[in-house]
Amino acid sequence: MVQITALPLPGLLLLQPKVYEDERGYFFEVNRSAELEQILGHIDFVQESQSGSVHHVLRGLHYQLERPQAKLIRVLSGQIFDVVVDLRLQSASFGQWYGLELCAEKRHQLFIPAGFAHGFLTLSQYAEVAYKTDQYYDPSSERAIKWDDRQLAINWPLQKPPLVSAKDAAAQSFASADVYPTMGLEQI
Numbered sequence: 001m002v003q004i005t006a007l008p009l010p011g012l013l014l015l016q017p018k019v020y021e022d023e024r025g026y027f028f029e030v031n032r033s034a035e036l037e038q039i040l041g042h043i044d045f046v047q048e049s050q051s052g053s054v055h056h057v058l059r060g061l062h063y064q065l066e067r068p069q070a071k072l073i074r075v076l077s078g079q080i081f082d083v084v085v086d087l088r089l090q091s092a093s094f095g096q097w098y099g100l101e102l103c104a105e106k107r108h109q110l111f112i113p114a115g116f117a118h119g120f121l122t123l124s125q126y127a128e129v130a131y132k133t134d135q136y137y138d139p140s141s142e143r144a145i146k147w148d149d150r151q152l153a154i155n156w157p158l159q160k161p162p163l164v165s166a167k168d169a170a171a172q173s174f175a176s177a178d179v180y181p182t183m184g185l186e187q188i
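Residues in the sequence shown are numbered consecutively from 1, following our numbering.
Structural data, given as structure tokens:
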């Protein structure tokens, strides 16, 4: 059984599994296909990827243009500040961002519908993050928006300048980013 919390941006959901704990440890179902389909509709997750990041690494803001990905994010160890940006031009929340802390101890998952950019900052000394996606990673379709874009003004909980890849440091601004021109119409 999963507890579902709708988050402020349309389609964004926090999934909290029922966890059974005792003196031996814990048990929970990470995913149950029938239950996920009831919550999310039919989504076929075709790829699962995993990253490991040291403290203060910032990854993102990433998305795929031609093959937009719905994502299911789960922290396997450590803690992150996870951020999404709505890139669906027809959405009422186009250009808005939302951030929240995700950690392994709480065992929750974040569902991000297709049409969002995604990134995170590692808050713990080390964090491992698993990503399920409904489209395969396609380098030719990959795009990125600067994590510190002035127009987006994301309030990252930074203690010092983050460690970012050269590719993320060279990402485009939100104003010049390719977006999804017809996505978000289903909300109108």
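A virtual CB, placed ideally from N, CA and C, is assigned to each residue, including glycine.
Straight-line Cα distance separating Val2 from Gly25: 19 Å
Taking only three categories from DSSP, how would you classify Pro139? helix
Exposure of Phe27, with buried meaning 16 or more beta-carbon neighbours within 10 Å: exposed
Assuming Ser77 is part of the beta strand (DSSP E), what are its boundary residues? 71–77
Burial state of Lys18 (16 or more Cβ within 10 Å): exposed
Under three-state DSSP, which class holds Asp86? strand
Using C-beta distances below 6 Å, list every residue in its chain close to Lys132, excluding the 5 sequence neighbours before and after it, in chain order. Phe45, Glu48, Leu72
Closest to Ser91 by C-alpha separation, out of Phe174, Pro10, Asp178, would be which residue? Pro10
For the beta strand (DSSP E) that contains Asp168, what are its first and last residues? Run containing Asp168: none in the beta strand (DSSP E); it sits in the alpha helix (DSSP H), 166–169.
For Lys160 and Phe120, what's the separation of their Cα atoms in angstroms? 15 Å
Residue range of the unbroken beta strand (DSSP E) whose run includes Glu23: Where Glu23 is concerned, there is no enclosing beta strand (DSSP E), given that its DSSP letter is neither H nor E.
Span separating the alpha-carbon of Asp178 from that of Ala144: 9 Å
DSSP beta-bridge partners for Gln109? Leu15, Arg74
Same chain, Cβ closer than 7 Å to Tyr149, five either side skipped, listed in chain order: First, the amino acid is wrong: residue 149 is Asp here, not Tyr. Once the five neighbours on either side are set aside, the close Cβ partners of Asp149 are Ser173, Phe174.
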